Every structure is written in C-alpha cells, then in structure tokens.
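Peer 1: Numbering (mature numbering (1 follows the signal peptide of the UniProt record, and there is no 0)), first residue to last: -23 to -1, 1 to 187.
The C-beta atom is built at its ideal place from N, Cα and C for all residues, glycine as well.
In this text, all values refer to a predicted model and were calculated from it rather than measured experimentally.
Take a look at this one; I'll ask things after.
Written out as structure tokens, the structure is:
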C-alpha cells in the first residue's frame, strides 16, 4: 500500500509538472493568479500558504502552475501582473540544485502526498533564499525527515553545482513576487519557460521580503 501511495504521489507530481509545461508565459505577457496551494505552519501562531499556484495567461487563456520565490510583498488574485524579465543572477545554488532535481523528478518522495511535497519545497526555497528565519525552518522541519533529507542533499550538492541554465527567476515588477521558473528547453528562451514558484498568501494577498 505504501509503495502504491508513493507511486501515485510520483505520478501526480509528474502530471502537475507536465500540465504546467503546456502553458509558456513570455516576457511582456499579463498573468493572473487563480488558485493557491496548502497552508504551512512556521510557528505556534504563524500560518502561511504556499506550494503550487495556478495562473492564467490573459492573452492566450492558457493556464500554468507556479511557486513563488519570495515571501513578503502583496499579490492579489484579482490583479494582472506583467512578466517583466527572466534571470538567474540572484538564485542560490541550493535553490538551483533543489528545484532542478524537483522538476526532473529526482527527489525521493516516498510516502509523501502532493501537499507535503509542495510544503517541503516551499519551506526549503524560502529558507535558502533567506525569506524565513532558522527558527521558522526548524519549527516546520521538526520530525520531518523528508525535508531535512532534501535540505542536506541540496546543501551538499550545491558546493559543486554548475548552473544548468534551466532554473530562473521571473520578475513581475516591484509590486509583486518574483517567481521561480524551470526552463524545459535546451536554450533559455523566455518562450520556453515553465512557470513554477514558491510563495505566500496572506489574509488579503501575498507578501514578499522588504
């Protein structure tokens, strides 16, 4: 049964990634947030929402999923955001390694459901990008052996990691969160980007670092 559940979780993750690959936002397009991922607890009275987000490209009507890269700045579901640009200059090696291996299906997700996979990814990217404190990470990690294992792998392998030019940050402007994207093509053209991201939904919207 555990093996079956693990297989189903793997299939679900791959299907979600494949679905995201069908819609390819490019620079200059308008995108709108439509749905969010699971709630994550980072303290006794600290809850945030992160994981896979659903978006729509207004020009084409195509939909895609994303993870937000930053934690503090407002993003609202009823507002359109223009894709301003794409870069990898400020993404940590740990995040680069982790997201590459997540997108390629190389992480061990045995026994994890889709919500748990999303939460692990969200918290680790926030921590690697210094969006949450060490105490917040430790609160979430607790007895969570999967997230601590992923942390160790990313931290160790990042030392000799060579950027594969597929993990990028897409900028939505000064009033919105940057998004983590994975380029499925060999050439890093904006039109071949699959949008993923890691982010936070607050009571009124989303937040990003100041």
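Tell me the DSSP secondary structure of residue 60 in three-state form.
Peer 2: Along the chain shown, read from residue 1 onward, the residue named residue 60 stands at position 83. The answer is coil: DSSP assigns residue 60 none of H, G, I, E or B.
Peer 1: Quick one: what does DSSP say residue 191 is sitting in, helix, strand or coil?
Peer 2: This structure leaves residue 191 out entirely; the chain is present only between -23 and 187.
Peer 1: So, at 7 Å on beta carbons, what are the nonlocal neighbours of residue 84 in its own chain, with the 5 sequence-adjacent residues on each side left out?
Peer 2: If you number the chain shown from 1, residue 84 lands on position 107. Excluding residues within five positions, the ones whose Cβ falls inside 7 Å are 78 and 127.
Peer 1: Below 8 Å, how does it come out for the region 133 to 151 and the region 62 to 69: are there three or more Cβ pairs, yes or no?
Peer 2: Output reads yes: the region 62 to 69 touches the region 133 to 151.
Peer 1: I need the boundaries of the alpha helix (DSSP H) containing residue 123, first residue and last residue.
Peer 2: Mapped onto the chain shown, residue 123 falls at position 146. It spans 122 to 134 - the alpha helix (DSSP H) in which residue 123 sits, taken as one unbroken run.
Peer 1: Does the count of Cβ pairs from the region 26 to 34 and the region 129 to 143 closer than 8 Å reach three?
Peer 2: Output reads no: the region 129 to 143 does not touch the region 26 to 34.
Peer 1: From what residue to what residue does the beta strand (DSSP E) around residue 12 run?
Peer 2: Walking along the chain shown from the start, residue 12 turns up at place 35. It spans 7 to 12 - the beta strand (DSSP E) in which residue 12 sits, taken as one unbroken run.
Peer 1: With H, G and I counted as helix, E and B as strand and the rest as coil, what does DSSP make of residue 53?
Peer 2: Against the chain shown, residue 53 aligns to sequence position 76. In the structure shown, residue 53 sits in coil (DSSP, three-state: anything other than H, G, I, E or B).
Peer 1: Based on Cα-Cα distance, which residue from 9, 117 and 156 lies nearest to residue 20?
Peer 2: The residue labelled residue 20 in the question sits at position 43 within the chain shown. Among 9, 117 and 156, the Cα nearest to that of residue 20 belongs to 117.
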